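Let me begin by presenting the structure, written as structure tokens, before commenting on it.
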Amino acid sequence: MKILVYAFKKFDKLNTNPSAEVGKIIYDSLKGKNGINIRLEIFSVDYGFERNLEKVILEFEPYFILGLGASKRNKITVESIALNVIHEPRGDEKGKIFTNKKIISGADAIKTKFNCEMLVNHLKKLDIPCDLSFFAGTYICNNAYFRCLKLVSDKNLNSKTVFVHVPLSPKEVNTLGIDAPSFPPTLIGNALADFLETYK
Numbered sequence: 001m002k003i004l005v006y007a008f009k010k011f012d013k014l015n016t017n018p019s020a021e022v023g024k025i026i027y028d029s030l031k032g033k034n035g036i037n038i039r040l041e042i043f044s045v046d047y048g049f050e051r052n053l054e055k056v057i058l059e060f061e062p063y064f065i066l067g068l069g070a071s072k073r074n075k076i077t078v079e080s081i082a083l084n085v086i087h088e089p090r091g092d093e094k095g096k097i098f099t100n101k102k103i104i105s106g107a108d109a110i111k112t113k114f115n116c117e118m119l120v121n122h123l124k125k126l127d128i129p130c131d132l133s134f135f136a137g138t139y140i141c142n143n144a145y146f147r148c149l150k151l152v153s154d155k156n157l158n159s160k161t162v163f164v165h166v167p168l169s170p171k172e173v174n175t176l177g178i179d180a181p182s183f184p185p186t187l188i189g190n191a192l193a194d195f196l197e198t199y200k
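Per this note's numbering, residue 1 is the first one in the sequence shown, and the count goes up by one each step.
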């Protein structure tokens, strides 16, 4: 089974991006496992990344695509829908700003065909705070998710696709000295790796 995991590099005031930490844990856990061919891509937080992401998907033709992003939400959220909009006045790491702009022409939203509740239930059984979400934001994470879902649909790819937002790590919260929810990346990464290993 081919698995593509993509996440993002540090940005803004973060010293490390928890999505990249979780992605590396998943990769290290599943690399070399019988019947699994896993690939990890970690992108810069800028609007130009999507060309590389789409190229990887078409070349690798993964059965499962797992996107990971950081969030200050109080639990892990499994994203069910991606919106066809970019709206983030602070801009990307290169200073590029879009407000109330469609990502591409077409539908206003795309819902994943992956059974998100299955993953939510898997994490909850491991006592990991998790919930289903219908709002992946209007920034880089949502942009990535929408483009993945659109590409899979347009090219009729047999790729199960989902995006998961993870909280900051306890270390990051302490380093930044901020009041924000946190959760150990190791626990998240191992739980997601276990799910992917057994998913059919």
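The beta-carbon is built from N, C-alpha and C at its ideal position, and this holds for glycine as well. None of the values given here were measured: they were computed from a predicted structure.
- Ala82 and Ile104 have their alpha carbons spaced roughly 13 Å apart.
- Just measuring C-alpha positions, the residue of Pro18, Gly48, Glu59, Lys9 sitting nearest Ser159 is Glu59.
- Ranked by Cα distance from Gly32, the first of Leu151, Ala7, Met1 is Met1.
- Within the DSSP secondary-structure output, His165 pairs in a beta bridge with Gly69, Thr77.
- Using a 10 angstroms sphere on the CB of Phe135, the tally of other CB atoms stays under 16, which defines it as exposed.
- According to the DSSP secondary-structure assignment, Phe8 is paired through a beta bridge with Phe43.
- Here the C-alpha atom of Lys155 lies approximately 24 Å from the C-alpha atom of Val78.
- With contacts defined by Cβ atoms closer than 8 Å, Cys148 and Ile36 do not form a contacting pair.
- According to DSSP, residue pairing for Glu197 in a beta bridge does not occur.
- One alpha carbon belongs to Gly95, the other to Ser80, and they sit about 29 Å apart.
- In this structure, Lys13 keeps its C-beta atom at 8 Å or more from the C-beta atom of Leu168.
- Buried is the label assigned to Asn17, since at least 16 other Cβ atoms lie within 10 Å of its Cβ.
- Counting of Cβ neighbours within 10 angstroms places Ala180 among the exposed residues, the total staying below 16.
- Contact between the region 64–79 and the region 188–197 is present: three or more C-beta pairs spanning the two stretches fall below 8 Å.
- Of the candidates Asp127, Lys10, Ser29, Glu21, the residue whose Cα lies closest to the Cα of Thr198 is Ser29.
- For the 8 Å CB-CB criterion, Ile86 and Phe98 form a contact.
- Separation of the CB atoms of Ile25 and Asp92 is rounded to 26 Å, and the pair is thereby denied contact status at 8 Å.
- Take His165, set aside five residues on each side of it, and the residues of its chain with a beta-carbon closer than 6 Å to its own are Gly69, Ser71, Thr77, in chain order.
- If only uninterrupted alpha helix (DSSP H) runs of at least 4 residues are considered, those enclosed by the region 141–192 are 170–176.
- When DSSP states are grouped into helix, strand and coil, Ala20 belongs to the helix group.
- Asn100: member of the beta strand (DSSP E) spanning 98–101, first to last residue.
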